[in-house]
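J.: Pasting a structure below so you can have a look.
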Amino acid sequence: MSTKRVLTGVTTTGIPHLGNYVGAIRPAIRASRSDDTESFLFLADYHGIIKCHDPALIHESTQAVAATWLACGLDPERTTFYRQSDIPEILELNWILTCITAKGLMNRAHAYKAAVQDNLDKGQEDQDHQIEMGLYSYPILMTADILMFNAHDVPVGRDQIQHVEMARDIAGRFNHRFEELFTLPEAKIDDQVETLVGLDGRKMSKSYGNTIPLWENDKKTQKSVNKIITNLKEPGEAKFPGESPLFEIYQAFASAEESAAFTQMLAEGLAWGEAKKMLAAKINQELAEPRERYQELTARPDRIEEILQAGAAKARREARPLLDKVRAAVGIRALT
Ligand code: ADP
Ligand code: TRP
Numbered sequence: 001m002s003t004k005r006v007l008t009g010v011t012t013t014g015i016p017h018l019g020n021y022v023g024a025i026r027p028a029i030r031a032s033r034s035d036d037t038e039s040f041l042f043l044a045d046y047h048g049i050i051k052c053h054d055p056a057l058i059h060e061s062t063q064a065v066a067a068t069w070l071a072c073g074l075d076p077e078r079t080t081f082y083r084q085s086d087i088p089e090i091l092e093l094n095w096i097l098t099c100i101t102a103k104g105l106m107n108r109a110h111a112y113k114a115a116v117q118d119n120l121d122k123g124q125e126d127q128d129h130q131i132e133m134g135l136y137s138y139p140i141l142m143t144a145d146i147l148m149f150n151a152h153d154v155p156v157g158r159d160q161i162q163h164v165e166m167a168r169d170i171a172g173r174f175n176h177r178f179e180e181l182f183t184l185p186e187a188k189i190d191d192q193v194e195t196l197v198g199l200d201g202r203k204m205s206k207s208y209g210n211t212i213p214l215w216e217n218d219k220k221t222q223k224s225v226n227k228i229i230t231n232l233k234e235p236g237e238a239k240f241p242g243e244s245p246l247f248e249i250y251q252a253f254a255s256a257e258e259s260a261a262f263t264q265m266l267a268e269g270l271a272w273g274e275a276k277k278m279l280a281a282k283i284n285q286e287l288a289e290p291r292e293r294y295q296e297l298t299a300r301p302d303r304i305e306e307i308l309q310a311g312a313a314k315a316r317r318e319a320r321p322l323l324d325k326v327r328a329a330v331g332i333r334a335l336t
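Below, the structure written as C-alpha cells:
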C-alpha cells in the first residue's frame with residue numbers, strides 16, 4: 001500500500017479552546033489513525049515568536065499545546081511529533097530557500113499585505129512601519145517546514161492555503177534550478193470540518209474573547225457554558241435553533257440522534273438553564289479522560305520533553321540526509 005505523507009504545524013501561542021479541539025485537534029487525531037498515511041505534526045514555536053514577544057507565554061503555550069495533543073490521543077509512535085526549534089535542519093533549509101525566493105512573491109503574502117494596509121489606513125507615511133522581517137518571511141519558514149519532510153498533503157485552514165501554494169512555487173523553482181529534490185505539496189482543506197461558534201454566536205476565537213477553555217474542571221466548564229447567549233424565553237416556551245449558539249455547540253459533542261432529541265426538548269419548552277446543564281455534561285463527558293491525561297502530563301513536563309526529544313530524533317533522521325543533498329545541489333559541500 002502506498003502511504004501518503006501528511007504534515008501540519010501548530011503555532012504555539014495561546015491556550016487551546018473548544019474551537020481548536022473541534023476544528024483542528026479532534027479531526028487531525030482521527031486522520032492520523034488511518035493506515036495509509038504517515039503523519040508529521042509539529043509545534044511551530046519559531047512561527048510563534050513572530051507575533052508573540054512574551055517569552056513566558058511562548059514557553060507556557062508550547063508545553064500546553066504539546067500536552068493538549070498528547071492528552072487528546074495523539075500517538076507519538078504513529079505520528080512523528082516534534083518541536084520545530086529542535087530541528088536545526090529546518091532553519092538551514094530556510095536560508096537556502098530564502099536565497100531562491102522572489103521578493104515579489106513575499107510582497108503578495110496576505111499577512112504582510114494586511115499589515116501594510118493597516119499602516120496605510122492609519123495614515124502612516126512608511127508603509128512598512130513596525131513590520132518585522134519574521135512576518136515578511138513567514139511563508140519561507142513554512143515552506144522549509146513542509147519541504148524538509150517532502151510532505152505531500154498539508155491540512156490547513158483556509159487562511160493558510162496561500163502559504164502552501166507559495167511552498168509549491170518555491171519547491172518547483174528549486175527543482176528546476178538545481179535538482180529534483182522536493183515533492184510539490186498540496187493544501188488539504190477539509191470542508192467537513194466544523195467551525196465551532198463561541199459564547200456570543202460568532203466563530204469561537206481567542207481574539208473575540210468568546211471561548212470555552214478546553215482544560216477546565218467540570219464546574220468551570222458549566223460556568224463558561226452558562227455564559228452562552230440565549231433570549232429571555234421562560235421555561236415552558238418553545239425555543240428554536242437560531243435563538244442561541246447552544247444548539248450548534250451541543251451538536252459538536254453529540255450524535256445526530258442526541259442532537260435531534262435535544263432540539264425536540266427545547267421546542268417542547270425545556271428551560272435554557274436545563275439545556276446548559278445538558279450541554280456542559282456532554283462536553284465534560286467527552287473530555288473526562290483527556291483532562292485526566294492532561295493533568296498527568298502537565299505535572300510531568302520532563303515526560304513531555306522526552307516525547308518531544310524522541311520525536312525530534314526521528315524527524316532529524318529524515319531531515320539530515322535530505323538537507324545534505326540540498327546543500328550539495330547548491331554547491332555547499334566538503335572540498336575533497
Ligand atoms: P484562534 O482563532 O482562537 O486564534 P487559531 O487561529 O490559533 O485560533 O486556530 C488554531 C486551529 O484551530 C486552526 O486550525 C483553526 O482552524 C482551528 N480553529 C480555531 N477556532 C476554531 C473554531 N471556532 N472552530 C473550528 N476550528 C477552529
Ligand atoms: N502557519 C500555520 C498556522 O498559523 C502553522 C504552520 C507553520 C504550518 N508551519 C506549517 C502549517 C507547516 C502547516 C505546515 O496555522
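Residue numbers for the sequence shown follow UniProt numbering, beginning at 1 and rising by one.
Just so it is clear, CB atoms sit at the ideal spot from N, CA and C, and this is done for glycine as well.
Could you check where the beta strand (DSSP E) with residue 39 kicks off and where it finishes?
T.: First-last of the beta strand (DSSP E) with residue 39: 37-44.
J.: Out of curiosity, what's the CA-to-CA distance linking residue 323 and residue 277?
T.: Rounded to the nearest angstrom, the two C-alpha atoms are 54 Å apart.
J.: Output yes if chain C places a C-beta closer than 7 Å to the C-beta of residue 131; else output no.
T.: Looking for chain C here will not work: only one protein chain is present.
J.: Have a look at residue 184 and residue 150 and give me their C-alpha separation to the nearest angstrom.
T.: C-alpha separation (whole angstroms): 8 Å.
J.: Please determine, among 119, 131, 89, the residue with the shortest C-alpha to C-alpha distance to residue 144.
T.: Comparing Cα positions, the closest option is 89.
J.: Label residue 155 either buried or exposed according to how many other C-beta atoms from any shown protein chain fall within 10 Å of its C-beta, with 16 as the threshold for buried.
T.: Classification of residue 155: buried, given that the 10 Å Cβ count is 16 or more.
J.: Measuring alpha carbon to alpha carbon, tell me which residue in 170, 77, 81, 316 is nearest residue 338.
T.: The shown model of the chain, from 1 to 336, leaves out residue 338, and the question about it has no answer.
J.: How many whole angstroms separate the CB atoms of residue 173 and residue 229, which I take to be in contact at a CB cut-off of 8 Å?
T.: The pair is not a contact, with the Cβ atoms about 50 Å apart (cut-off 8 Å).
J.: Ignore the nearest five residues each way along the sequence and tell me which others in residue 142's own chain have a CB closer than 6 Å to its CB.
T.: Counting only Cβ-Cβ distances below 6 Å, and skipping sequence neighbours, we find 163.
J.: Using beta-carbon positions only, say whether residue 181 and residue 326 come within less than 7 Å of one another.
T.: Taking 7 Å as the Cβ cut-off, residue 181 and residue 326 qualify as a contacting pair.
J.: Using the Cβ count rule (16 or more neighbours within 10 Å means buried), how would you classify residue 17?
T.: So residue 17 counts as buried.
J.: Is it true that the region 42-59 meets the region 102-109, where meeting means three or more beta-carbon pairs spaced less than 8 Å apart?
T.: No contact exists between the region 42-59 and the region 102-109.
J.: Residue 201 and residue 211 - do their beta-carbons sit closer together than 7 Å?
T.: Contact: no.
J.: At a threshold of 6 Å, does residue 238 count as lining the ligand TRP (C-beta to nearest heavy atom)?
T.: Checking the Cβ of residue 238 against the ligand TRP gives no.
J.: For the beta strand (DSSP E) that residue 187 lies in, which residues bound it at each end?
T.: Taken as a continuous stretch (DSSP letters only), the beta strand (DSSP E) holding residue 187 covers 186-188.
J.: Consult DSSP for residue 83 and reduce its assignment to one of helix, strand or coil.
T.: Strand, per DSSP.
J.: Helix, strand or coil: which one does DSSP assign to residue 276?
T.: If DSSP states are grouped into helix, strand and coil, residue 276 belongs with the helices.
J.: In whole angstroms, give me the CA-to-CA distance for residue 152 and residue 19.
T.: Distance between the alpha carbons of residue 152 and residue 19 is about 26 Å.
J.: Relative to the C-alpha of residue 79, which candidate in 117, 13, 31 has its C-alpha closest?
T.: The shortest Cα separation from residue 79 among 117, 13, 31 belongs to 31.
J.: Taking 5 Å as the limit, name every residue whose beta carbon sits nearer than that to some heavy atom of the ligand ADP, in sequence order.
T.: This selection yields 19, 20, 23, 24, 157, 195, 196, 203, 204, 205, 206.
J.: Compute the Euclidean distance between the alpha carbons of residue 139 and residue 166, then round it to the nearest angstrom.
T.: Each residue's alpha carbon lies about 7 Å from the other.
J.: Identify the residues that DSSP records as bridge partners of residue 324: which are they?
T.: Paired residues: none, contrary to the question.
J.: Who are the Cβ neighbours of residue 238 in its own chain at under 8 Å, not counting the five residues just before and after it?
T.: Answer for residue 238: 266, 267, 268, 269, listed in chain order.
J.: Looking at the structure shown, is residue 57 part of a helix, part of a strand, or coil, going by DSSP?
T.: Note: residue 57 maps to helix in three-state DSSP.
J.: Name, in chain order, the residues that DSSP records as bridge partners for residue 17.
T.: Residue 17 pairs with 213.
J.: Evaluate residue 282 with the Cβ neighbour count: other Cβ atoms within 10 Å of its Cβ, from every protein chain shown; 16 or more gives buried, anything less gives exposed.
T.: By the 10 Å Cβ count, residue 282 comes out buried.
J.: Could you round the C-beta distance between residue 45 and residue 83 to whole angstroms and report it? I think they count as a contact, below 8 Å.
T.: Confirmed, Cβ separation roughly 6 Å.
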